[in-house]
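Per the working numbering, the very first residue in the sequence shown carries number 5; after that it's consecutive. Glycine included, C-beta positions come from ideal geometry on N, C-alpha and C.
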Amino acid sequence: MLFWLICLILTLVVAAMVVRPLMRPGAVAAQNPDVALYRAQLDEIDRDLARDVLAADEAEMARTEVARRLLAANQAAMPTSKSAPSRIISGIVGLAVLGLSFAMYWQLGAPGYGDLPLQARLDAADEMRASRPSQAALELVAPPPPPVEVPEEYRAAIEQLRDIAPTRPDELEVWSRLAFHEVELRNYSGARQAQEQVVAIMGDDVTLQDRQRLLDLMVVAAGGLVSPEAEVLLRAMLDDDAANIAARYYLGALYNQTDRPDLAFSLWRGMVETADPLNFHVANARAQIADAAFRAGIEYALPETRGPTFEDMDAASDMSPEDQQAMIGAMVSGLASRLANEGGPAQDWARLIRAYGVLGEEEAARAVWTEAQQVFVSSMRGMEILTNAARDAGVLE
5 MLFWLICLIL
15 TLVVAAMVVR
25 PLMRPGAVAA
35 QNPDVALYRA
45 QLDEIDRDLA
55 RDVLAADEAE
65 MARTEVARRL
75 LAANQAAMPT
85 SKSAPSRIIS
95 GIVGLAVLGL
105 SFAMYWQLGA
115 PGYGDLPLQA
125 RLDAADEMRA
135 SRPSQAALEL
145 VAPPPPPVEV
155 PEEYRAAIEQ
165 LRDIAPTRPD
175 ELEVWSRLAF
185 HEVELRNYSG
195 ARQAQEQVVA
205 IMGDDVTLQD
215 RQRLLDLMVV
225 AAGGLVSPEA
235 EVLLRAMLDD
245 DAANIAARYY
255 LGALYNQTDR
265 PDLAFSLWRG
275 MVETADPLNF
285 HVANARAQIA
295 DAAFRAGIEY
305 ALPETRGPTF
315 EDMDAASDMS
325 PEDQQAMIGA
335 MVSGLASRLA
345 NEGGPAQDWA
355 RLIRAYGVLG
365 EEEAARAVWT
375 EAQQVFVSSM
385 RGMEILTNAA
395 RDAGVLE
């Protein structure tokens, strides 16, 4: 109530400042400068008459002429009419100021919203992180993924694998295959559970890549939210590798989801500006960092990325078949090297798989297909692109 009272008083003050000039009458015209001249002439005539410089009849004639001119000058100086203030127009302007002020606040402001001091917001964000649901609870309410069409024989085989896996709790191959096929069926919760078993079986020999795959599955199974269990995992990964892109991205996502966009921005900025923009986690950070910066009150321009160009392909039409084959081999080798060192989008991995298939290097195509599955296990669209490429290359029936 106090807020609205203050707003009303300030609006009335502003409206009064706008209306007040409209209530003033029009200004009276300034005095004609000829009036003073004619009055001085009258005084001069009286002095000349007193000194006997002018005769009485001449003085009377001069006085009459000057008086006539003085009267004409006075009439010219007076305004023909006085502009009276319009109370109706002033009232309309005042009401318009009041109405527009409250209409703009209703549209752009936040009526009824409570005060949000900085410390209260920080405390609320901490409470939000501390009280967020568990991994299991998030998986229960996560939106279901779109259905995938696979042969019934394949579904039946996976059902058998689901039954077999619990009877072999220490067989790494069984649980690895189950995790992979659960992703194929878009059963991300089941894939997450299977990958957790893989990590448990590997124990101290678990690789950072295996833990990253588990982290990806935990987040995608939770509908994109970072659970407390996922936070424990990513912080452990950061303890081992502070520059791990996946862990830094998900930690930033956690802060971004719990009203700390400033911390998310600080975690993502280095990735966005230095890491490979085609990396899955970097691309996701690029898609969200501008909004995080805006909500944190930071002016930030997203750096542009430069993709590879293929202008040199125009020259291939003039080459001999041997030279063309050599050029294709060199490009495939360069693409493979870049993906191995820097990573890239699913489209690049699919292109490499198909390229090896065209070149007849089936083993190389199969090796790339296997590695790409580990990279894009949590990307439904990425796995679809890779699966199609593997079929085209003849490494997947």
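CA-CA distance, residue i and residue j?
{"i": "H185", "j": "I162", "result": "7 Å"}
{"i": "A77", "j": "S105", "result": "50 Å"}
{"i": "D220", "j": "L237", "result": "11 Å"}
{"i": "R172", "j": "P149", "result": "29 Å"}
{"i": "L74", "j": "D56", "result": "24 Å"}
{"i": "L142", "j": "R136", "result": "9 Å"}
{"i": "Y158", "j": "D167", "result": "14 Å"}
{"i": "D316", "j": "R355", "result": "Because D316 sits at a pLDDT of 46, beneath the cut-off of 50, its placement in the model cannot be relied upon, and the point is left open."}
{"i": "L390", "j": "G338", "result": "19 Å"}
{"i": "R133", "j": "M275", "result": "23 Å"}
{"i": "V336", "j": "P265", "result": "40 Å"}
{"i": "L122", "j": "R252", "result": "25 Å"}
{"i": "M384", "j": "L16", "result": "59 Å"}
{"i": "E3", "j": "R342", "result": "As displayed, the chain neither begins before 5 nor continues past 401, which places residue 3 out of reach and without an answer."}
{"i": "A63", "j": "R72", "result": "14 Å"}
{"i": "D174", "j": "A128", "result": "43 Å"}
{"i": "A287", "j": "A124", "result": "32 Å"}
{"i": "D130", "j": "S231", "result": "14 Å"}
{"i": "R51", "j": "I93", "result": "55 Å"}
{"i": "A340", "j": "Y304", "result": "34 Å"}
{"i": "A320", "j": "D396", "result": "Confidence is the limiting factor: at A320 the pLDDT is only 49, short of 50, which leaves the residue's position unreliable and the question unanswerable from this model."}
{"i": "A393", "j": "G364", "result": "14 Å"}
{"i": "A344", "j": "Q216", "result": "17 Å"}
{"i": "A359", "j": "P155", "result": "28 Å"}
{"i": "A300", "j": "M206", "result": "41 Å"}
{"i": "W8", "j": "Q292", "result": "36 Å"}
{"i": "E366", "j": "F298", "result": "49 Å"}
{"i": "M222", "j": "V187", "result": "12 Å"}
{"i": "D244", "j": "L400", "result": "36 Å"}
{"i": "Y109", "j": "I302", "result": "24 Å"}
{"i": "I49", "j": "M65", "result": "10 Å"}
{"i": "H285", "j": "A107", "result": "43 Å"}
{"i": "Q79", "j": "G95", "result": "35 Å"}
Are the CB atoms of residue i and residue j nearer to each other than 8 Å?
{"i": "L229", "j": "L255", "result": "no"}
{"i": "D214", "j": "V203", "result": "yes"}
{"i": "Q199", "j": "A183", "result": "yes"}
{"i": "L258", "j": "E235", "result": "yes"}
{"i": "V145", "j": "L189", "result": "no"}
{"i": "G347", "j": "N283", "result": "yes"}
{"i": "A19", "j": "L102", "result": "yes"}
{"i": "A268", "j": "A296", "result": "yes"}
{"i": "Q139", "j": "E277", "result": "no"}
{"i": "A369", "j": "G361", "result": "yes"}
{"i": "V22", "j": "V70", "result": "no"}
{"i": "G227", "j": "P281", "result": "no"}
{"i": "A44", "j": "L53", "result": "no"}
{"i": "A289", "j": "L306", "result": "no"}
By the 10 Å Cβ neighbour count, where 16 or more other Cβ atoms means buried, how is residue i classified, buried or exposed?
{"i": "G311", "result": "Here G311 scores only 41 on pLDDT, less than 50, and its place in the model is too uncertain to base an answer on."}
{"i": "G398", "result": "exposed"}
{"i": "Q111", "result": "exposed"}
{"i": "G3", "result": "The requested residue 3 does not occur in the structure, where the chain is confined to residues 5 to 401."}
{"i": "L12", "result": "exposed"}
{"i": "M241", "result": "buried"}
{"i": "V372", "result": "buried"}
{"i": "M387", "result": "buried"}
{"i": "F380", "result": "buried"}
{"i": "I357", "result": "buried"}
{"i": "R24", "result": "exposed"}
{"i": "N260", "result": "buried"}
{"i": "N191", "result": "buried"}
{"i": "T262", "result": "buried"}
{"i": "Y42", "result": "buried"}
{"i": "W353", "result": "buried"}
{"i": "A376", "result": "buried"}
{"i": "A40", "result": "exposed"}
{"i": "L218", "result": "buried"}
{"i": "A279", "result": "buried"}
{"i": "L10", "result": "The sequence given here has Ile at residue 10, not Leu. With fewer than 16 other Cβ atoms within 10 Å, it is exposed."}
{"i": "L58", "result": "buried"}
{"i": "T313", "result": "Here the model assigns T313 a pLDDT of 39, short of 50, so the residue's position is not dependable, and the following value carries that caveat. By the neighbour-count rule (16 or more Cβ atoms within 10 Å), T313 is not buried but exposed."}
{"i": "Q378", "result": "exposed"}
Assuming residue i and residue j make a contact with CB atoms under 8 Å, what is their CB distance in whole Å?
{"i": "R67", "j": "L46", "result": "6 Å"}
{"i": "Q169", "j": "W179", "result": "Note that residue 169 is Ala in the sequence shown here, rather than Gln. Sure, about 6 Å apart at Cβ, within 8 Å."}
Could you tell me whether any Cβ in chain E is nearer than 8 Å to the Cβ of residue i?
{"i": "D295", "result": "The structure shown contains no chain E; it holds only a single protein chain."}
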